[in-house]
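Student: Below: one structure in structure tokens.
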Amino acid sequence: MTTHKHLFFLGAGAIAEAMIKGIVGAHVVSAEQIVVSNRRNGARLEELSGRYGVRVSRDRLAEIAEADAVVLAMKPFDVMQALREVRSALSERQLVVSVVAGVATEAIERQVEGARVPVIRAMPNTSSFVQESATAISRGRWATISHVEFVMTMFSALGSVTVVDEGLLDAVTGLSATGPAYFYYVVESLMRAGQELGLAEETCWELLVQTMYGAAKMLRETGKGPEELRRQVTSPNGTTMAGISVLEQGGFQDLLQRAVKRAAERAGEMGREVSGG
Ligand SMILES: NC(=O)c1ccc[n+]([C@@H]2O[C@H](COP(=O)([O-])OP(=O)(O)OC[C@H]3O[C@@H](n4cnc5c(N)ncnc54)[C@H](OP(=O)(O)O)[C@@H]3O)[C@@H](O)[C@H]2O)c1
Numbered sequence: 008m009t010t011h012k013h014l015f016f017l018g019a020g021a022i023a024e025a026m027i028k029g030i031v032g033a034h035v036v037s038a039e040q041i042v043v044s045n046r047r048n049g050a051r052l053e054e055l056s057g058r059y060g061v062r063v064s065r066d067r068l069a070e071i072a073e074a075d076a077v078v079l080a081m082k083p084f085d086v087m088q089a090l091r092e093v094r095s096a097l098s099e100r101q102l103v104v105s106v107v108a109g110v111a112t113e114a115i116e117r118q119v120e121g122a123r124v125p126v127i128r129a130m131p132n133t134s135s136f137v138q139e140s141a142t143a144i145s146r147g148r149w150a151t152i153s154h155v156e157f158v159m160t161m162f163s164a165l166g167s168v169t170v171v172d173e174g175l176l177d178a179v180t181g182l183s184a185t186g187p188a189y190f191y192y193v194v195e196s197l198m199r200a201g202q203e204l205g206l207a208e209e210t211c212w213e214l215l216v217q218t219m220y221g222a223a224k225m226l227r228e229t230g231k232g233p234e235e236l237r238r239q240v241t242s243p244n245g246t247t248m249a250g251i252s253v254l255e256q257g258g259f260q261d262l263l264q265r266a267v268k269r270a271a272e273r274a275g276e277m278g279r280e281v282s283g284g
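Positions 8 to 284 (my numbering) are the ones given, in order, by the sequence shown.
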């Protein structure tokens, strides 16, 4: 159902485009209700306008003042400067939705001091580009349940949405925001293994992509957990048992757990660098 909300995008890069594509495609809001802006790349704004029908910003502060939600979609090191430029136009009336990695809602609230601006932080992943993101969102101190519901509707157009406490967003970053890269890395390794065994690159690609997609679908649709599904295909002394035992000997599960923990830790470090904490 199309809502009547007006969205203002501060930042018009890759993630902004994925969001616009998903939101307009799913009719969450119509293209005319979206205004896009960036720092200096006017050609990029015209490109988005031509592709999706969104409006190019002409008078940023006036448009922000009229918007229902302002989406922060710039690199972490640009967000504080961007907020300083527009904070005079922000009030309690607008919702700020930030997809900026590592920047706490509290740091955003502090930049617009004086107004109790509701802020919601979202952590989508790169699969937003094909509307299959696993997005987690968390709310700042002034955001209400209805703000959460609206943001859930927005990000549902890009995949699944989970609400978590903000303290867990670094864990989310280590798990699902970094997650696609873990799977790409596994596919890279399996591609090499297949080729070493004599399969053509394209054959490996087709077999592996479909295998990964099918495994995800089994997990989603059978309601069975990963361990149970794995046990079902592991017969004594069979091929799965032979393969998995090599992974176990190499400490594969422990390595993955350490990777996720290190990525989560790094998310926290980066957040402190940006917020000056
Ligand atoms: N890409 C992903 O898959 C993904 C996933 C999750 C989260 N994120 C987060 O999303 C954010 C944006 O990532 P991205 O990949 O979309 O970056 P990007 O393609 O580099 O785009 C950044 C945009 O921010 C604009 N910008 C910078 N400073 C600005 C300012 N003061 N006012 C208005 N606009 C400003 C840039 O404008 P100019 O081009 O004119 O300089 C550009 O349009 C990052 O914080 C990232 O952590 C990205």
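We treat Cβ as the ideally placed atom computed from N, Cα and C, and that holds for glycine.
Comparing C-alpha positions only, which one of Gly174, Val119, Phe162 and Ala108 sits nearest to Arg94?
Tutor: Residue numbering aside, residue 94 sits at position 87 when the sequence shown is read from its first letter. The shortest Cα separation from Arg94 among Gly174, Val119, Phe162 and Ala108 belongs to Val119.
Student: For Arg67, which residues of its own chain have a beta-carbon under 6 angstroms away from its beta-carbon, when the five flanking residues on both sides are left out?
Tutor: Taking the sequence shown and counting its residues from 1, one reaches residue 67 at position 60. The answer, listed in chain order, is Ser44.
Student: By a C-beta neighbour count over all protein chains shown, 10 Å radius and 16 as the cutoff for buried, is Pro131 buried or exposed?
Tutor: Locating residue 131 in the sequence shown gives position 124, counting from the first residue. That one is buried.
Student: For the region 54-114, list the beta strand (DSSP E) runs that are entirely contained and at least 3 residues long, ordered along the chain.
Tutor: Runs found: 76-79 and 102-105.
Student: Once you ignore the five residues that flank Glu173 on each side, which residues in its own chain have a CB closer than 8 angstroms to its CB?
Tutor: Working through the sequence shown from its first residue, we reach residue 173 at position 166. Contacts found: Ala111, Thr112, Arg128, Ser145, Arg146 and Gly147.
Student: Which value, in whole angstroms, describes the spacing of the CA atoms of Glu235 and Phe162?
Tutor: Indexing the sequence shown from 1 puts residue 235 at position 228. Indexing the sequence shown from 1 puts residue 162 at position 155. Cα-Cα distance, rounded: 31 angstroms.
Student: I need the boundaries of the beta strand (DSSP E) containing Phe16, first residue and last residue.
Tutor: Position 9 of the sequence shown, counting from 1, holds the residue named residue 16. From DSSP, the beta strand (DSSP E) with Phe16 extends over Leu14 to Leu17.
Student: Hey, Leu79 and Ser105: beta-carbon distance below 9 angstroms or not?
Tutor: Stepping through the sequence shown from its first residue, residue 79 is reached at position 72. Stepping through the sequence shown from its first residue, residue 105 is reached at position 98. Yes.
Student: According to DSSP, simplified to helix, strand and coil, what is Arg123?
Tutor: Here the question's residue 123 lines up with position 116 in the sequence shown. Coil at Arg123, not helix or strand.
Student: At the level of alpha carbons, what is the spacing between Ala33 and Ala178?
Tutor: If you number the sequence shown from 1, residue 33 lands on position 26. If you number the sequence shown from 1, residue 178 lands on position 171. Taking the straight line from one Cα to the other gives about 29 angstroms.
Student: Near Val215, what residues of its chain come up, given a Cβ to Cβ distance below 6 angstroms and the 5 sequence neighbours on each side ignored?
Tutor: Looking up residue 215 in the sequence shown gives position 208. Residue identity check: residue 215 is Leu in the sequence provided, not Val. Closer than 6 angstroms at the Cβ level, and outside the excluded window around Leu215, lie Val194 and Leu197.
Student: Measuring CB atoms only, is the region 49-62 touching the region 79-88, in the sense that at least three cross pairs come out at less than 8 angstroms?
Tutor: Because the criterion of three Cβ pairs below 8 angstroms is not met, the region 49-62 and the region 79-88 do not touch.
Student: For ligand 1, is there a heavy atom less than 8 angstroms away from the beta-carbon of Asn132?
Tutor: Taking the sequence shown and counting its residues from 1, one reaches residue 132 at position 125. True, at least one ligand heavy atom lies under 8 angstroms from that Cβ.
Student: Give the range of the alpha helix (DSSP H) segment to which Arg210 is assigned.
Tutor: Numbered from 1 along the sequence shown, position 203 holds the residue referred to as residue 210. Rather than Arg, the amino acid found at residue 210 in this sequence is Thr. Here the alpha helix (DSSP H) through Thr210 covers Glu208 to Thr229.
Student: If you draw a straight line from the C-alpha of Leu90 to the C-alpha of Gln260, how long is it?
Tutor: Counting from one through the sequence shown, the residue named residue 90 turns up at place 83. Counting from one through the sequence shown, the residue named residue 260 turns up at place 253. Answer to the nearest angstrom: the Cα atoms are 42 angstroms apart.
Student: What are the boundary residues of the beta strand (DSSP E) that includes Thr169?
Tutor: Taking the first residue of the sequence shown as 1, we reach residue 169 at position 162. Looking at the DSSP string, the run of the beta strand (DSSP E) that includes Thr169 is Gly166 to Val170.
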